[in-house]
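Notes follow the structure.
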Amino acid sequence: MNVLSIEGLTVDFNTAEGKIRAVDDVSFVVPENRTVALVGESGSGKTVISQTIMGLLPEAASITSGKVVLADASGAEPPVDIATLSRKGATMRHLRGNRVAIIFQEPMTSLSPLHTIGDQISEAAILHRNVSRPEARELTKEMLRLVHFPDPKRALDTYPFELSGGLRQRAMIAMAMICRPSLLIADEPTTALDVTIQAEILKLIREVQGELRMSVLMITHDFGVVANMADEIAVIYHGRIMEKGTAEQLFSNPQHEYLKALLNAVPSFQMDKDERLVPIRPIVIKSGDLTKNRPHCKVEPGTPLVEMRDVTKKFTLRKGSFLGGKVKTMTALDGINLTIRRGECLGLVGESGSGKTTAAKAILRALDLQGGKVLYNRGNGLEDIASLKGADLMDYRRRVQLIFQDPFSSLNPRMTINDTLTEPLEVHGIGTSQERAERARNLMTLVGLDPRFLRRYPHSFSGGQRQRIGIARALALNPEFILCDEPTSALDVSVQAQILNLLQDLKRDLNLTYLFVSHNLAVVDYIADRIAVMCRGRLVEVGETREVVGNPLHPYTKALLSAVPEPDLSAPLDFTALDANRASEPELWPEPFRLSDGMEPSLVEMEPEHFVCAPGLKKTGALEGTAA
């Protein structure tokens with residue numbers, strides 16, 4: 241039986257520029273207790289289809305033709321054509337949340353910050369299941385237990401801001417599940433999550449689906465997620481279905497050129513080191529204009545450019561009071577020792593909260609340290625950046641630049657792109673106004689954008705284009721060293737391929753050095769020469785990329801690698817072996833890796849250039865069960 245049947249659906253948007261067709265004659269079905277993946281890039285119409293099913297289309301949108309039939313698997317209610325219902329009518333309100341539910345991409349913006357998790361989940365039960373408030377609270381507690389909340393009773397009275405990203409997403413799943421719907425729409429449910437938490441959420445959706453015999457419409461652009469979750473796949477492009485079939489058919493024998501191009505744009509662990517991703521729309525760059533007047537770097541390739549020595553950073557979580565409340569602190573960096581060599585790309589990986597971004601900020605001198613030093617080589621040997629002042633500090637600021645994770649929030653919406661690119665030059669007093677304007681044009685050409693776009697504002701660009709503008713801004717001062725903080729985590733695979741290739745080309749042409757911060761190990765494997773793995777503010781493994789990926793020694797690194805969903809049906813995630821919580825608890829690691837409070841996290845060279853945090857080695861002398 242088909243729980244959802246979409247036939248010839250067409251959705252138009254009425255805009256100031258005229259009518260825009262967002263969904264064009266789309267047809268597919270979602271059978272009972274099966275998962276169908278709707279795959280495509282941003283702007284392809286995936287979310288508009290989900291809004292249509294939920295009756296949440298904006299006022300400007302209208303269903304021009306087609307049917308969206310929702311059937312009741314139990315047979316208790318007759319099939320309903322959602323396309324014919326009033327979006328604000330009683331029938332649609334009855335269906336929404338009761339028979340069909342949705343998990344949104346960003347849980348923080350979907351949950352009310354003013355209400356507890358318990359109240360928000362209970363509300364759905366009170367509305368649709370005709371229960372009292374105490375009964376709804378008990379049902380909520382049971383649902384939180386089903387989605388593996390650590391302490392369901394305590395969670396009832398917590399607010400969203402008190403929860404991690406993974407727990408907020410679990411709360412969203414609990415809210416969607418409380419009325420036991422026939423159909424669950426998961427709209428990019430794991431895009432912003434770490435690989436370990438993503439694997440947990442996927443496992444959770446599978447478990448809940450099995451228990452409730454629920455149908456799932458999985459909207460995503462991640463083929464690793466598709467390979468592990470989908471029974472059937474529909475590929476959408478510009479509002480039209482390009483190809484559909486079983487997961488086995490589409491992965492083993494893709495027919496449409498668009499699907500083949502999407503699959504070629506996905507980085508995987510099997511790629512050769514000199515193999516390049518193939519983006520759907522390649523960027524042509526011209527770096528000649530930027531290399532002409534580039535200052536010569538005196539540091540030889542392979543020589544240490546940046547060194548972190550015993551760097552410690554603590555944050556105050558709660559201040560003491562007059563009544564004697566204790567000051568609560570959290571250690572973000574715990575004795576970090578790390579060297580970044582001139583001309584290399586060092587990948588820094590780990591879960592959210594592991595200290596990756598704090599380490600990057602420490603190198604930027606964007607925060608004060610409690611201990612240790614950050615040293616930088618400007619051509620006269622390594623010097624402590626904390627001692628730099630005046631002209632020396634301005635020189636350092638020119639040499640080290642940052643590419644942010646979210647290109648939209650890091651660009652000023654009130655500044656044109658021209659102002660954004662010339663501002664660093666004005667701050668540092670570089671060039672005349674004509675020279676700055678020329679530099680801005682060259683930067684746009686360098687990242688594959690038309691210089692005629694300089695007068696536009698950030699909102700008129702796509703996510704990938706905004707990220708290229710962020711890269712252009714980082715290059716404005718001709719830096720030597722660039723910190724890339726999750727620069728592709730929010731992007732489609734096709735746009736991600738563009739950005740990764742662009743960063744590689746710029747590194748080669750402009751002799752750049754990168755620290756590439758990410759939680760996506762397949763991306764780091766593609767771009768990085770060496771990898772440093774972080775957990776709970778400590779470095780646990782450092783080595784050459786292929787050595788760490790091919791021969792991980794630390795249990796935390798092994799857990800991260802085992803949680804990466806690969807776009808390959810022959811390499812599924814082992815959901816039964818996933819135990820992410822244990823892997824990120826240093827006191828639960830096996831000997832000789834186990835770490836407890838007060839223990840010095842020292843790195844031991846197990847193989848040439850391959851270091852592992854194993855304090856117990858001083859006693860045991862060798863790693864048990866691994867090649868030493």
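Numbering (the numbering used here), first residue to last: 241 to 868.
Ideal placement from N, C-alpha and C gives every residue a C-beta, glycine not left out.
Per DSSP, the bridge partner or partners of M548: L578 and V614
Burial state of G248 (16 or more Cβ within 10 Å): exposed
With 16 other Cβ atoms within 10 Å as the buried cut-off, status of M241: exposed
Coil, strand or helix - N493 by DSSP: coil
Exposed unless 16 or more other CB atoms sit within 10 angstroms - verdict on D462: buried
CB of E781 within 7 Å of CB of V789, strictly: no
Close-in-space but distant-in-sequence residues of the same chain around P691 (CB under 7 Å, 5 per side omitted): R681, M684 and T685
As assigned by DSSP and simplified to three states, the class of R274: coil
Classification of A820 by the beta-carbon crowding that lies within 10 angstroms, buried from 16 upward: With a pLDDT of only 48 at A820, under 50, the local geometry of the prediction cannot be trusted, and no value is derived from it.
N- and C-terminal bounds of the alpha helix (DSSP H) containing D725: Here D725 belongs to no alpha helix (DSSP H); instead the beta strand (DSSP E) covers F721 to D725.
Beta-carbon proximity check, G358 vs L396, cutoff 7 Å: yes
Inter-residue spacing [alpha-carbon to alpha-carbon] between M415 and S245: 24 Å
C-beta contact flag for G590 and A768 at 7 Å: no
Top-ranked residue by Cα proximity to N741, from V518, K629, M570 and P830: V518
Where R778 sits in the DSSP three-state scheme: strand
Residue burial classification, Q409 (beta-carbon count within 10 angstroms, cutoff 16): buried
Runs of alpha helix (DSSP H) lying entirely within the region 299-372, each at least 4 residues, in chain order: 330-335, 347-350 and 357-368
Beta-carbon proximity of G306 to T250, cut-off 7 Å: yes
Identity of the residue in F491, L423, T556 and I361 nearest P807 by Cα: F491
Runs of alpha helix (DSSP H) wholly within the region 693-771 (minimum 4 residues, chain order): 703-715, 733-750 and 761-767
Those residues which DSSP pairs with K553 across a bridge: L573
Straight-line Cα distance separating Q645 from T571: 23 Å
Burial state of F851 (16 or more Cβ within 10 Å): buried
Pick from N370, M412 and T380 that is closest to T349, judged by C-alpha positions: M412
Spatial distance of Q707 from P727 (CA atoms): 7 Å
Pick from T660, D745 and V640 that is closest to G688, judged by C-alpha positions: D745
Whole-number beta carbon distance between P792 and K798, since they are thought to touch under 8 Å: 5 Å
Reduced DSSP secondary structure (H/G/I, E/B, other) of R480: strand
Boundaries of the beta strand (DSSP E) in which E247 is found, first to last residue: N242 to T255
Coil, strand or helix - F509 by DSSP: coil
Beta-ladder partner(s) of I445, from DSSP: Answer is none; I445 lacks a bridge partner.
The region 504-520 in contact with the region 297-313 per 3-pair CB rule at 8 Å: no
A311 burial status per 10 Å Cβ neighbour count (16 or more: buried): buried
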